[in-house]
Structure formats: C-alpha cells, structure tokens
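The block underneath contains the structure these notes are about, expressed in structure tokens.
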Amino acid sequence: MVAYVLACSIVLQLTAAVMALKLIRLTGRRMAWSLIAVALVLMSVRRAIPFYHLLFGDPAIVPDLLNELVGLALSLLMVLGVAGIAPLFSAIKSSEEALRQSEERFKQVAENAGEWIWEVDADGLYTYASPAVEKMLGYKPEEIVGNIHFYDLFVPEEKEELKKATLEAIAQHESFRDFVNPNLHKDGSRVILETSGIPVLDGCGTLISYRGADKNITERTRAEKALRESENTYRTIFENTGNVTVIIEEDTTVLLVNSRFEKLMGWSKEEVEGKMSWTQFVPPEDLDLMTALHRLRGEVPDAVPKEYEIRLLDKSGTIKPARLSIDMIAGTTRSVVSVTDITASKMAEEERERLQQRLQQSQKLEAIGTMAGGIAHDFNNILTGILGFTELVRSEVSEGSPIHDNLTEVVLAGRRARDLVRQILSFSRKAETEKSLISLGTIVKEALKLIRSVIPSHITIRHNFTVSAEHSILADPTQMHQIVMNLCLNAADAMPDGGVLEISLEEVQVETESRPEQTQLPSGCYLKLTVRDNGAGIPPEVRERIFEPYFTTKQVGKGTGMGLAVVHGVIKEHGGSIAVSSEPGKGTAFEICLPIVEATPDTEIESTPVVVAGSESILFVDDETMITNLQRLQLGKWGYCVTATESSATALNMFRANPQGFDLVITDLTMPGITGIKLAQAIHEISPSTPIILCTGLDEGISRENARMIGIHAILSKPTTGAEFSHTMRLVLDEARKSSQAKS
520 MVAYVLACSI VLQLTAAVMA LKLIRLTGRR MAWSLIAVAL VLMSVRRAIP
570 FYHLLFGDPA IVPDLLNELV GLALSLLMVL GVAGIAPLFS AIKSSEEALR
620 QSEERFKQVA ENAGEWIWEV DADGLYTYAS PAVEKMLGYK PEEIVGNIHF
670 YDLFVPEEKE ELKKATLEAI AQHESFRDFV NPNLHKDGSR VILETSGIPV
720 LDGCGTLISY RGADKNITER TRAEKALRES ENTYRTIFEN TGNVTVIIEE
770 DTTVLLVNSR FEKLMGWSKE EVEGKMSWTQ FVPPEDLDLM TALHRLRGEV
820 PDAVPKEYEI RLLDKSGTIK PARLSIDMIA GTTRSVVSVT DITASKMAEE
870 ERERLQQRLQ QSQKLEAIGT MAGGIAHDFN NILTGILGFT ELVRSEVSEG
920 SPIHDNLTEV VLAGRRARDL VRQILSFSRK AETEKSLISL GTIVKEALKL
970 IRSVIPSHIT IRHNFTVSAE HSILADPTQM HQIVMNLCLN AADAMPDGGV
1020 LEISLEEVQV ETESRPEQTQ LPSGCYLKLT VRDNGAGIPP EVRERIFEPY
1070 FTTKQVGKGT GMGLAVVHGV IKEHGGSIAV SSEPGKGTAF EICLPIVEAT
1120 PDTEIESTPV VVAGSESILF VDDETMITNL QRLQLGKWGY CVTATESSAT
1170 ALNMFRANPQ GFDLVITDLT MPGITGIKLA QAIHEISPST PIILCTGLDE
1220 GISRENARMI GIHAILSKPT TGAEFSHTMR LVLDEARKSS QAKS
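This note's numbering puts the sequence shown at residues 520 to 1263.
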C-alpha cells in the first residue's frame, strides 16, 4: 500500500514538473517555472528513495503510510494547481493577444482613416492625435499631443464663444455630434471641421477623457455656400424674371410658381404649389391638346414646339391669351414653363389690324374718290345734254299734255342722277353738301319706291306717316335719301327668310328733363324716323360697335363697314340723334330724331322753268360737241347771238381778233390744251371788262375771290337747268353793264 502511494506521488510530482515547464511558453516566465519544475523533480527523487528501499532495500525502513498519504495529497494538489493555472495563463495570453490585435487594428484605422481621430483629457489637452491631423491642420501628431488644448486651434474671432460652448458640454459629460467649428491651420488658413465626441468615465462616473473624430468639411461648406448662393440667385431670377415662371412635375402637378404667377392668375403660391395641376389653368376646350402635348414632351421632347400661344384660365374664370415657352429640366422629369401675358400685344395686334383695315379702306375710298372725280366731269356733261335737250323739247310742248308730263319725269330723273353724282362726290370728299329746307316725308316716300324694287318680295313693307307737310327740316336731301336707303337695306339683310319692314315718321316733343336718355338733344320739336324689322336682331357685343368707323359684320364684298358710321355722322351734323334697340331673335329698331324748322320746304323742281331771255353776243366754249350743239340751240332760242366752239385755242384766237364782239364768255373748266382757267386769264388780260362764266362738272375748290381776280364772274356746276343757266347769265351781263356805265 505504501509503495503504491509512493509511486503515485512520484508520478504526480513529475507530471506537475512537466506541466510547469509547459507554462513557460504561456507566461514567458522561464526562471520561475524552471525552478518550480526542478523542485518538483527533486521532490519526486526524494520520494523515490523510500520507494526503492521499500522494494529493494532495507525493510526496516518502512515509510509511514499516513505521511505518504499526505504527500500523495500534496502531489495531487500540485498537479491540480499547475493544471488550473495553465488555462488561466492561456486565457490571459489570449486576451493580451486580442488586445494587441485590437490595438493594432485601431492604430491602422486611426492612422489610415480620412478623419482625424483624437483623445483629450478632462482639461481638453490632446492625449492622442491620429496622423490625419497633419493633413487637416498641418500639425504632426507629436506637435499636438501633450502640447495643445483643443480650443487653442479655434479661429481667434470665434475662439471664446466656441470654447465656452464646448466646455459647458464637457462639464455636463455630454456627447456631441456634427459640431461645426472653424479652426486655424498651421499655415494660417481657415479650416472648417465637423466634430463628434463621447465622454470616457471611470467606474465612479468621473470624467477621464473625451474621444472623437473630426472631418474636414471646408470644401463641403464652400459647396453648400455656393449652392445656397446659387439657389438664392436662382430664386431671385425665378422671382424677378419679367415673365410668369412655373415648374411642373411629370404628373402635371405644379411644384413652384413665382410672384408674377400670383398677379396674372389670381391664385397664391400656398394654393398652387404641390396642390394644383397645370391642367387646371387651361380652358376645358383646350385641355385634351395640352395634355397630349405634355405627355409627348416627356416621351419625345424634340417633337413638341418649345414656344407657342395658349389660353389661360385665371381664378376669376377669365381667359387670357399668353405665349408659352416650355422645356424639360435636364436630368429630371420636370418642365420649366415661362408664360408671357400677351393680352396687350394681342390688343395692339388687333388695333394694328384694325388700323390696317382702315388704311386699306381709306385707300379704297380714296380710289373711289379718284374714280368718282374722274367720271364726274364726263357724267355731268352727259346729264347736261339730257337735261338741256329735254327742257328744249318740253318747252315746245303744251303744259298738261302727256308728253309734257313724261318729259318732266325725265327732268326729275336727270336731277336725281345729278344728286347721285353729288352724293358720290360728297362721299369721296370731292364736293360739299348743300342743306336746304326739305320735306323728310317726301324723301322717305321716294326712297321707299326704290327700296321696293331692290329688296326681296317676301319682305313686307309697312309705313305710317303722321307728319304734316308743313313740317320741314334743314338738311341735305341726298344724304337723307342715303340714310333711309342704308337703314332699310340693313333691315332687309337681317331678314333673309322674310319678315316685315316698318317705317314710321312722326312728330315728337323732346323735353330734356323727361327724356334723360336724349340729353344730347335740346328741348323742342323733332321729326322721329323709325326703321324697324323683325329679323335676327343684333347681339349686345355687336350693338356696342355698330357706329364705329369701318366696323362691319357683313361678308367680304358685301359692305364697307362705313354705312352706320356715315349715318351717325350725318345725323350728328344735322343736330339730331340716332339710337338703336335690339333683342336677338326679335328684331331691331333704329330711331332718328331731326329738329323741325318752321318754314316751307323747297320744291324739288319748278313745274315750268322761268327762262330769262337776252340779245347779247355769247362766246361759248366746251370740248363736248353735244353741249356746244345744245347751247347753240338753247341760247339762240333765248334770243342770244351764239358763237360756240369745242376748241379753247380757237376760242382765244376768235376773242383776240374781236374782243369787242363778245359781251360774255362761257367756258368749260376741263378742256385739252388750254384749260378754262387759263382761257379766262388770257381773256381777262385782253379785255378785263368782259365777264366770264366758268362751267365745271367737278368742284375743284375754286374760291369766288380767286375766280374774280382772273375775270370769272360766276361758276356753274354741271348739270344746270335752263332757268338756272339763263338767270346766271342775266345776272352777270347786267352786273357787267352797270359796271361799264359807272366807269363811263
């Protein structure tokens, strides 16, 4: 038993020695563990001696079993102790290796990180600085660590404020993140850092240090500043551009609008941005087109024009014309829209078109006037022949006979033709109008005869005249005839499918107090002419413009647009008023008021012209053979001795040959070679006392004073009646005779 115990003790002690030697590798403590191993070996040798004596030696030496059991227990405890220490040292070794590796990794990260890794103590003195500090601030780590407090690097102008803020945070053991602070580079330049840090506390909560990292955000700060400036510039441009500017999302939502949008459209930014669609500003009838254009612009930008005109619907529902310029924003699905309000330019364009039309109309009227002036002379010559020969024939027929009456109608027709020529000349401003006392009822009745023949038969004409024949007006009969014709023909045009045309003439008493709508008329008696139809009527927007010059609703070639403007002007010139009332679908009525003049109106024509005869010698000059033949007969019948020629040169030679042989010279104005004016001047130089009468088919604006200076005593407008012609001759001859007697 003892031997067994000894053997176990020896084995355990040797095992402990071996394990002790193995701990050298784990702990690195070679001397200590070597001595322990030797001691264990010696202990095992000491145990081996009794074991040897027990087996081979002196049997008297018998080890005490109890002592050997204690030794065995101690040996076992040694083995267990060494075995238990080995894992502990192994764990320590592993922990140290892990720490070393961790420190190595941290060092690698810290030294290779783009950020500056740092640590400061509780007073803010740097205890660690990664190499990145040199790149950021120009200092080497060894220049920083132990030498500089963190706040020493702040820029001077902000140092105290930043130091105070950071120290307050440190005193509260607060972590901080993304703290922006400007620092001073070693070379004196300004560097913007973004700092994050956390406090490091011991077990008692006492602050040991702060650890953190800094990022250089100088370039980012500059970029952000540049971006802000760019955005401010963009916003300034966006807000202050001369046009409405809108940014639209792909789904047509309005992203941004400028202040001009608010002024143009009436909606505020708060109402529009992010809440309304661009389509809400487009009239419903234009919506499909605008939506299609927007969709196509997103798919194929070049397929859609970048500029075109649109119509916009503002908050009040008013449609405004605008010019739109739109383009995609590069790299996005958004569109930027520039809108120009072209209401004023549209109005200006319409005004230009209107002025252009007026110019064209004026040119047309000028052409008409030129043409009228060109044909007036020839036409009046023809009328002179018609009226003259008709009067000659009528003078040879007894009054009351059918032939006399028929010839009188021819004279009336000739006079009406003369009046029409004067009307054309008046319209073309080639002649002045002549007012006289006339019966408006007579003018209207004559106009109705002509109207009946020119308007369709399915239009019924009704008239109602309640005016006394003694009531007359001072007016130009031709213009009054023109007014009646104009209003009646307009009424007929308003009834293409038939209807009723009513013309009434009545006397009315105008009182300014009782008729406020006619305050432009003085109180008094007026003739009111009403032309009424039951046609289509006039829309309000047209009714407001019907008296404007050149305004017309008729098709091209069917009106000049001057009709009602002329009517309005003529009525005003005659001291009257014109008003229109109309209701679409129920017809139109024009009311004209003209002041009554208490006097007997002039008769249209004398039933029997009174011709004044004479016996003087007359030199008559006209390039129309028909007129010279007429005057040979007419003047000869009246008792005069007539010398007539178609050549002004011949007439001048005849007068030079015998100035005393002619008591009166009558010459036409427009003749080839020597005109009537030049002939009159030449005759006046030869014989200033010889009277001259100038006949003209066109009023050239020759004043009476200028005519007198060249010897012209009277001017007759063709055509004239025999009575007018003979009376003028007699007056001129008698005046010349009296002047001659007074001189002698």
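We put the CB at the ideal spot given by N, CA and C, even for glycine.
Since this is a predicted model, take the numbers as computed values, not measurements.
In the DSSP assignment, find the alpha helix (DSSP H) that holds residue 960 and state where it starts and stops. Taking the first residue of the sequence shown as position 1, residue 960 is located at position 441. Taken as a continuous stretch (DSSP letters only), the alpha helix (DSSP H) holding residue 960 covers 959 to 973.
In angstroms with no decimal places, state the Cα-to-Cα distance between residue 926 and residue 1130. Stepping through the sequence shown from its first residue, residue 926 is reached at position 407. Stepping through the sequence shown from its first residue, residue 1130 is reached at position 611. The straight-line gap from Cα to Cα measures roughly 17 Å.
Could you pull out every unbroken beta strand (DSSP E) segment of at least 3 residues lying fully inside the segment 984 to 1033, listed in chain order? The qualifying runs are 990 to 994 and 1018 to 1029.
Beta carbon of residue 813, beta carbon of residue 852: below 8 Å? The count along the sequence shown starts at 1 and reaches residue 813 at position 294. The count along the sequence shown starts at 1 and reaches residue 852 at position 333. With respect to residue 852, residue 813 sits apart: the two C-beta atoms are not nearer than 8 Å.
Given residue 1062, which residues of its chain have a CB within under 8 Å of its CB, disregarding the five upstream and five downstream residues? Residue 1062 sits at position 543 when you count from the first residue of the sequence shown. Taking residue 1062 as the centre and dropping the five residues before and after it, the same chain places the C-beta of 1099 and 1101 closer than 8 Å to its C-beta, in chain order.
Taking residue 727 as part of the beta strand (DSSP E), name the residues at either end of that continuous run. Within the sequence shown, residue 727 is the residue found at index 208, counting from 1. Unbroken beta strand (DSSP E) run through residue 727: 726 to 735.
Residue from 1158, 726, 1202 and 558 whose Cα sits closest to the Cα of residue 690: Along the sequence shown, one-based indexing puts residue 690 at 171. Measuring C-alpha to C-alpha distances from residue 690 to each of 1158, 726, 1202 and 558 identifies 726 as the nearest.
With three or more C-beta pairs closer than 8 Å as the rule, is the segment 641 to 658 touching the segment 748 to 759? Short answer: they don't touch.
Separation of residue 832 from residue 799, as counted between CA atoms: Residue numbering aside, residue 799 sits at position 280 when the sequence shown is read from its first letter. Residue numbering aside, residue 832 sits at position 313 when the sequence shown is read from its first letter. Spanning the two alpha carbons is a distance of roughly 8 Å.
Assuming contact is defined by CB atoms lying nearer than 8 Å, are residue 1232 and residue 1210 in contact in what I supplied? Residue numbering aside, residue 1232 sits at position 713 when the sequence shown is read from its first letter. Residue numbering aside, residue 1210 sits at position 691 when the sequence shown is read from its first letter. Yes, these two residues count as a Cβ contact at 8 Å.
Counting only the same chain and skipping the five closest in sequence on each side, list residues whose C-beta sits under 6 Å from that of residue 848. Working through the sequence shown from its first residue, we reach residue 848 at position 329. Result list for residue 848: 855, in chain order.
How far does the alpha helix (DSSP H) with residue 782 in it extend, from its first residue to its last? Stepping through the sequence shown from its first residue, residue 782 is reached at position 263. 778 to 784 is the span of the alpha helix (DSSP H), which, as asked, contains residue 782.
Taking the Cβ atom as the reference point for each residue, do residue 1137 and residue 1198 lie within a distance shorter than 8 Å? Start at 1 with the first residue of the sequence shown, and residue 1137 comes out as number 618. Start at 1 with the first residue of the sequence shown, and residue 1198 comes out as number 679. Going by C-beta atoms, residue 1137 is not nearer than 8 Å to residue 1198.
Return the CA-CA distance between residue 1166 and residue 1153, expressed in angstroms with no decimal places. On the sequence shown, position 647 is the one that residue 1166 refers to. On the sequence shown, position 634 is the one that residue 1153 refers to. Straight-line Cα distance between these residues: approximately 20 Å.
Complete beta strand (DSSP E) runs within the segment 1145 to 1178 (minimum length 3 residues, chain order): With a minimum length of 3 residues, the continuous beta strand (DSSP E) runs that stay inside the segment 1145 to 1178 are 1160 to 1164.
Through-space distance from residue 766 to residue 865, alpha-carbon basis: As a position in the sequence shown, residue 865 is number 346, starting the count at 1. As a position in the sequence shown, residue 766 is number 247, starting the count at 1. When only Cα atoms are considered, residue 865 and residue 766 end up about 26 Å apart.
What residues match up with residue 1106 in a beta bridge as DSSP calls it? Working through the sequence shown from its first residue, we reach residue 1106 at position 587. Beta-bridge analysis with DSSP links residue 1106 to 1102.
If I'm right that residue 980 touches residue 967 with Cβ under 8 Å, what's the distance once you round it to whole angstroms? Stepping through the sequence shown from its first residue, residue 980 is reached at position 461. Stepping through the sequence shown from its first residue, residue 967 is reached at position 448. Confirmed, Cβ separation roughly 7 Å.
I need the DSSP call for residue 718, collapsed to helix, strand or coil. Within the sequence shown, residue 718 is the residue found at index 199, counting from 1. Residue 718: strand per DSSP, three-state reduction.
Please classify residue 1103 as buried or exposed, where buried requires at least 16 neighbouring CB atoms within 10 angstroms. Along the sequence shown, one-based indexing puts residue 1103 at 584. It counts as exposed.
Own chain partners of residue 783 with C-beta closer than 6 Å, once the 5 adjacent residues on each side are dropped: Residue numbering aside, residue 783 sits at position 264 when the sequence shown is read from its first letter. So the qualifying residues of the chain are 763 and 860.
Within its chain, find whatever has a CB closer than 7 Å to the CB of residue 641; leave out the 5 residues flanking it on each side and keep chain order. By 1-based counting over the sequence shown, the position of residue 641 is 122. Only 726, 727 and 728 meet the Cβ criterion.
In the DSSP assignment, find the alpha helix (DSSP H) that holds residue 813 and state where it starts and stops. Taking the sequence shown and counting its residues from 1, one reaches residue 813 at position 294. Element bounds for residue 813: 803 to 818.
When you compare each of 674, 1028, 1176 and 987 to residue 710 by their alpha carbons, which one comes out closest? Numbered from 1 along the sequence shown, position 191 holds the residue referred to as residue 710. Of 674, 1028, 1176 and 987, the residue nearest in Cα terms is 674.
Quick one: measure Cβ to Cβ for residue 634 and residue 651, integer angstroms, because I've assumed they're closer than 8 Å. Residue numbering aside, residue 634 sits at position 115 when the sequence shown is read from its first letter. Residue numbering aside, residue 651 sits at position 132 when the sequence shown is read from its first letter. Right, the Cβ-Cβ distance comes to about 6 Å (below 8 Å), so this counts as a contact.
Which residues share a DSSP beta bridge with residue 846? As a first step, residue 846 must be located in the sequence shown, where it is residue number 327. 855.
Of the residues 1083, 1135 and 1047, which one's Cα is nearest the Cα of residue 1064? Taking the first residue of the sequence shown as 1, we reach residue 1064 at position 545. Ranking the options by Cα distance to residue 1064, first place goes to 1083.
How would you write the range of the beta strand (DSSP E) that residue 1232 sits in, first residue to last? Sequence index remark: in the sequence shown, residue 1232 carries index 713 (1-based). Here the beta strand (DSSP E) through residue 1232 covers 1231 to 1236.
Can you find a C-beta in chain C that's less than 8 Å from the C-beta of residue 780? No chain C appears in the structure shown, which is made up of a single protein chain.
For residue 559 versus residue 536, is the C-beta distance shorter than 8 Å? Numbered from its first residue, the sequence shown carries residue 559 at position 40. Numbered from its first residue, the sequence shown carries residue 536 at position 17. Residue 536 is positioned such that its CB atom lies closer than 8 Å to that of residue 559.
Other residues of its chain near residue 1051: CB distance less than 6 Å, five sequence neighbours each side excluded: Here residue 1051 refers to the residue found at position 532 of the sequence shown. Apart from sequence neighbours up to five positions away, the residues of its chain that approach residue 1051 with a beta-carbon distance below 6 Å are 1021 and 1108, ordered along the chain.
Assigned secondary structure, residue 773 (DSSP; H/G/I helix, E/B strand, else coil): The sequence position of residue 773 within the sequence shown is 254, counting from 1. Strand.
The alpha helix (DSSP H) that contains residue 788, what's its start and end? As a first step, residue 788 must be located in the sequence shown, where it is residue number 269. 788 to 791 is the extent of the alpha helix (DSSP H) around residue 788.
Same chain only: Cβ atoms within 8 Å of residue 736, ignoring 5 sequence neighbours per side: The residue you call residue 736 lines up with position 217 of the sequence shown. Same-chain partners within the cutoff: 699, 711, 712 and 713.
In or out: residue 933 buried (at least 16 other Cβ within 10 Å) or exposed? The sequence position of residue 933 within the sequence shown is 414, counting from 1. It counts as buried.
Can you give the Cα-Cα distance for residue 1181 and residue 1116, rounded to whole angstroms? As a first step, residue 1181 must be located in the sequence shown, where it is residue number 662. As a first step, residue 1116 must be located in the sequence shown, where it is residue number 597. Residue 1181 and residue 1116 have their C-alpha atoms spaced approximately 46 Å apart.
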